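Data block below; observations after.
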Amino acid sequence: MKTREELQAIRERAKAALAVRGSEGGIRVVIAMGTCGIAAGARETLSALIEELAQRGISDVTVSQTGCKGLCDKEPVVEVHLPSGQVITYGGVTPPVMRRIVAEQIVNGQIVSQYVIGTETEAC
Amino acid sequence: MVAQGKCTECTQIEAAIDAIIEQKGPEPTSLIEILHAVQQELGFLPQSVQEYIAEKLNMPAGTVEGVVSFYTFFTTVPRGRHVIKVCQGTACYVRGGKRVLEAVVKHCGCGVGQTSEDRRFSVDIVRCLGACGLSPIMTVDDDIYERVKPTKIADILGKYD
Amino acid sequence: MRAYRSHVLVCSGAGCLSSGSQAVADALERSLEEQGLSQEVKVVRTGCMGACDLGPVAVVYPEGVFYQKLTPEDAELVVVEHLLKGRPVDRLMYVPPEGEEPALSMDQIPFFSLQYKIALRNCGEIDPGNIEEYIARDGYEALAKALTEMTPQQVIEVVKASGLRGRGGAGFPTGLKWELTARSTETPRYVVCNADEGDPGAFMDRSVLEGDPHSIIEAMTIAGYAIGSNKGYVYVRAEYPLAIERLSAAVAQAHDYGLLGEDLFSSGHSFDLELRMGAGAFVCGEETALMASIEGRRGEPRPRPPFPAQSGLFGKPTLLNNVETYANIPPILLRGAEWFSSIGTETSKGTKVFALAGHVNNTGLVEVPMGTPLGTVIYEIGGGIRNRRKFKAAQSGGPSGGCIPAEYLNVAVDYESLKKLGSIMGSGGLIVMDDTTCMVDLARFFLEFVQEESCGKCTPCRIGTKRMLEILERLCAGEGREGDIELLEELGEQISATSLCGLGQTAPNPVLSTIRYFRDEYEEHIRDRHCRAGTCSEIMKAPCEHACPAGVDVPAYVSLIAEGRMDDAYAVIRAANPFPSACGRVCIAYCEDHCRRGQTDEPVAIRLLKRAAADHRSGTWRPELEPKRHRKVAVIGAGPAGLTAADDLVRKGYDVTVFEREDVPGGMMRLGIPAYRLPHDVLQREIQEILDLGVELCTGVTFGRDVTLEDLQRDGYEAVFLAVGCPEGMKLDCPGAEAEGVVDAVQFLRDLALYREPKLGQRVAVIGGGDTAIDSARSALRLGADEVHLVYRRTLDEMPAHPKEIEEAAHEGIQFHFLAAPKEVLVEDGRVAGLVCQRMTLGDFDRSGRRRPVPVEGAEFTLDVETVIPAIGQQIETTYLDEEVEKGKVRVDRRTLSTSLPHVFAGGDCTAGPMTVVDAIADGHRAAQAIHSYLSGEPMPRPKKRAKTRVPEEVLIQLEERAEEEQPAAKPQRIPDAYRCRGFAEVELGFSFPVACREASRCLHCDYVPLEQDED
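Chains G, P and Y are the protein sequences, given in the same order.
Final position of the first sequence in our numbering is 124; the numbers increase by one with none missing.
Final position of the second sequence in our numbering is 161; the numbers increase by one with none missing.
Final position of the third sequence in our numbering is 1016; the numbers increase by one with none missing.
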């Protein structure tokens, strides 16, 4: 990298990519995949998510991973980013819970209250 | 093993070690990296392998042995097919890690640092895996088990043959 | 599509429909229409929400407020209050079972809202495998700024001005370290990141490496520019494979994007990074050992100086910082030194990441400004202690640190304050411990750790810690000797002073700090062979029997009950406890609290098993009596302490006379505990059995008035045991306290027990949070009061009453007012006309680790009541022995219960304030022992270790199988609610014979050990 402008260009591109992901009606599901998350079964949760989406033929959901949010006790932690900018953070997401979240939250738009840690609105 | 009348197996092992040394760089400063990789490949670091590495790095065999014996990750004896590591960090300890370890030792019939008679399991303790939020923790090979209860040990270990 | 401001989702699943959700939805729509909100708020009938037992349920979005058990009337309230006025209706909101506040959004959850994230800013926010997500959040901008706008000296100045100090533990000023390394004339220089996070319980470095690896790469590159280095090493411990994988991938990506390598940002500065993996040696976290390990050698420390800044890696100047320190660098450069130094305390700037673990509800990583009180971290962010237990201590700084006890929960956490308390900040591991953690065992754990991790190079560390460990192991096994504590202290000080590196110098800290704050626990291990936490298994037969103050052999009688041998079981209990029936009903059951089965599902119902043994025994129990000694002992007070002492002494052959002030014996068991918990006839039978052994009872005799010490001496009593209790209730201290209708709780319960119908109004307020308060409230209800209020100045969590009693009280309809204190009793015509209560809030922590209630100025409310029953504490009646009384209690040596008069002993409530029945029984035993020792000249015996039970291996295997099946405890039957509010019938019923046998067989037998070979 030779100039700050290059870095700036990448930044704009990356921000735009993140923003688009939100605004085009797609839901983004982010799974916390730190050591705690994986220890608590985040890998199994991820497979359950991918399977369930495939089975239902849902293609406009982006799946990504992140590190540890710090709330180890509630792992596996999964965030669902809605197009509205609302983010629902779920805790204790075992594969059956993940399937419920797909069915109820992603398909039906109903929060699975039982497993919600909290909600927030994205600042973008 | 490396002295005379090399068997094919020995030649293969040497070739593997050579490749690792080549990749990590044949300098004494790479020793620990090389030992990690060789142990990954062979499962353990017997005397003969240590000597071979020493020769290749042009350093006294005693130095290699000193390093191997210093670090608990290195082992000079073959391990079981599965390595169990029970965390004995503070968080795991206060949340019952000691009793998990007792249950594992009882189940495997061998002590810490040892391998069960049927070579199925080796039992190690580890000082904090950094997953204290989910203590007590243990690992079997690459699988991590959280909030382990002594009563669940048989179930968990039953999955490994 | 119309945009609605809010949506109300009403569950229309089968469960909620059957509980009436249709009517609720209709009511909501109707009410919205009435309020003119139907264009703004939409009611949506949804499928099952899965909370059928809470139905009908509804959720209001966007807030996501979850309402439960709604009625159509509630629906109107939700519309008017929440949707119109924006005030969620707390009363209807779902409260999670742990008693947490209903969660609205992240910024209202203390775990998130009280944190301030700098080092962890990206963790859990970005995909660590994607460099562009890092860049999107201003990643590498600080590097660009440094390389294109700043000189190396300017970078160092900013870091210095920020006040950042090393987060690895020692707290050395980071900027100064950078400057010292930069000043060195030798080249090449190296930048090293210490990611050998070895302190057990600390995992923030792992989280940063896994969750935000680029922040470390960026910071090290900046550091390279600042000190003139082109090469960096990250030393990661091998226990973190995922961190190694993520960091390696990030390094490769940074290379691809030209953010590592040659001529970065055309500045001429080049930088490259290599990873080095540790191999499981704790000492490698020490900087000189770490560098030896990077060089491929044994990780042994060497003395400093020279410091790494002059001669470090490969003998060259080296800058060594920890992961968290580096993670702070990019934000400091971007937002400025002033911003950073505005956070934190005078000497400790910025934030600190803590790894919360142990017995705390929210375990995890938290980042808070320096100076945040410890109590805030544990209680507000951490959500308090698991299972409503009591906080005992927090351990910070790992094996080099120390413990902070409950009395310091207010401490503002920074480098200096922790040091003052004998601990250290360390890398930020914060292990929270409750009362099940034994501090001696904890010290032993840490010593074992250092002992194993000591590299062996220097003698104090290698041999000294071994000696300390041997002493601690001996203490934990109940083999401690007098003088061991002093020996530990002496050894510890010497090891600290003479060890070569930090590991050895700090190794004694966990021992010295636990001795400093928990010396009494060390002493108990030595003198009483007692581990109050129930942790040290070698000292005890089983945790249950060890926890029983009366010393009942719990595992023995539980086994007998499992076999259906009720008479034998009763004999085992009765040998150590003269009140099996009473304790089977009202004992606080410390045994169940320590029962290991509780870790699988639920503790064995030991208390009710004791009752079952008493209920189902067939005959009377007759002990062997020792031959008569013809020596007279007087016991004053026929409560549990006095009668226990009498029972023990008469069996030892003494002639015992018990003098009782009231007309009936039993003390507080008879006069304090209401009959619905302990029927009078049940208690009377047990007392009669004691009397039948030959104890003489004189009732209606007031000590100090009807009989004095001199009288007793004259009548030939050689020893006296004072167990007079503290039968006087504390007086309410507020205006109106003298009005008619203010009834002292102790007096009220006593009148009730003696069938002198106390006069009550229809509306009653009880003040207090202990068992007496609950007993008074439930009794008032039974006497026909329409409304009973209970006013307590703290919250449910701090209530000293037994949780089961609180639950029953709530079930029976007692109305609780937490955080409220009496301010004034309103008086009309000399009679109570109401109680004005002051609203309280919880302030800082008191010495017991509970938060102090403080008044909320101007917030008061009035309870319309006719009777006020203060239950705010008890005191002794001070008409005798004035010289022995101090602060309302008889002064005794707690170990021997002796007073300053050689032949007078005292125990029970009058020496320590109100205690539980079983604690009073324990005092009775102790007094009997002391009196026997005084009269016979034999020394007080040191408590013996009760032997474990040796069984064949097969039995243990069977037990293990038993342990695998989850099987909750049997529950006793209770009389129907309808019978509770009229009369004093016993509420809880015992187990039937077969249920008792089955329940007893849930015991996991912690007392069993395999037969030894030679015994086979």
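Ideal Cβ placement from N, Cα and C applies to all residues, glycine included.
On a predicted model such as this, the values are computed, not experimentally measured, just so you know.
Spatial distance of residue i from residue j (CA atoms)
i      : j      : result
V60/Y  : K42/Y  : 10 Å
I690/Y : P727/Y : 23 Å
E660/Y : G429/Y : 56 Å
D196/Y : K390/Y : 34 Å
L609/Y : V68/P  : 57 Å
A292/Y : E51/G  : 48 Å
D786/Y : R763/Y : 6 Å
V24/Y  : A75/Y  : 6 Å
G704/Y : A801/Y : 33 Å
R782/Y : P674/Y : 10 Å
G224/Y : R206/Y : 22 Å
K948/Y : G492/Y : 34 Å
M150/Y : Y134/Y : 22 Å
is_contact[residue i, chain Y] using C-beta, thresh 7 Å
i      : result
L71/G  : yes
T139/P : no
Q105/G : no
G26/G  : no
F44/P  : no
A32/G  : yes
I10/G  : yes
Residues bridged to residue i [DSSP beta-bridge criterion]
i       : result
F721/Y  : V635/Y, F905/Y
M33/G   : M33/G is not bridged to any residue.
I404/Y  : A394/Y
K419/Y  : K419/Y is not bridged to any residue.
P1010/Y : V951/Y
S898/Y  : F905/Y
H789/Y  : A765/Y, Q815/Y
Contact under 7 Å by Cβ, residue i with residue j
i       : j      : result
I573/Y  : P580/Y : yes
Y326/Y  : A219/Y : yes
N1021/Y : F265/Y : Any answer about residue 1021/Y is impossible in this case: the structure gives chain Y only from 1 up to 1016.
G990/Y  : R617/Y : no
G201/Y  : I431/Y : yes
A119/Y  : E324/Y : yes
D212/Y  : C284/Y : no
E186/Y  : P369/Y : no
E866/Y  : G761/Y : yes
N410/Y  : G384/Y : no
E210/Y  : R237/Y : no
Cutoff 7 Å: residue i Cβ touching any chain P Cβ
i      : result
T862/Y : no
A39/G  : yes
T45/G  : no
I117/G : no
T66/G  : no
Within-7 Å CB hit, residue i to chain G
i      : result
L101/P : no
G364/Y : yes
E857/Y : no
Scan the region 253-310 of chain Y and note each continuous alpha helix (DSSP H) run of 4 residues or more that stays entirely inside, going in chain order.
287-294
Alpha helix (DSSP H) segments (min. 4 residues) lying fully within the region 90-169 of chain Y
110-113, 131-136, 141-149, 152-162
Entirely enclosed alpha helix (DSSP H) segments - the region 927-971 of chain Y, minimum 4 residues:
953-964
Could you tell me which whole beta strand (DSSP E) segments of length 3 or greater appear in the region 49-125 of chain P?
82-87
Quick check on the DSSP output: what are the complete alpha helix (DSSP H) runs of length 4 or more inside the region 683-756 of chain Y, in order along the chain?
709-714, 745-753
In chain order, which beta strand (DSSP E) runs of at least 3 residues are fully inside the region 813-884 of chain Y?
815-817, 820-828, 831-845, 851-863, 867-870
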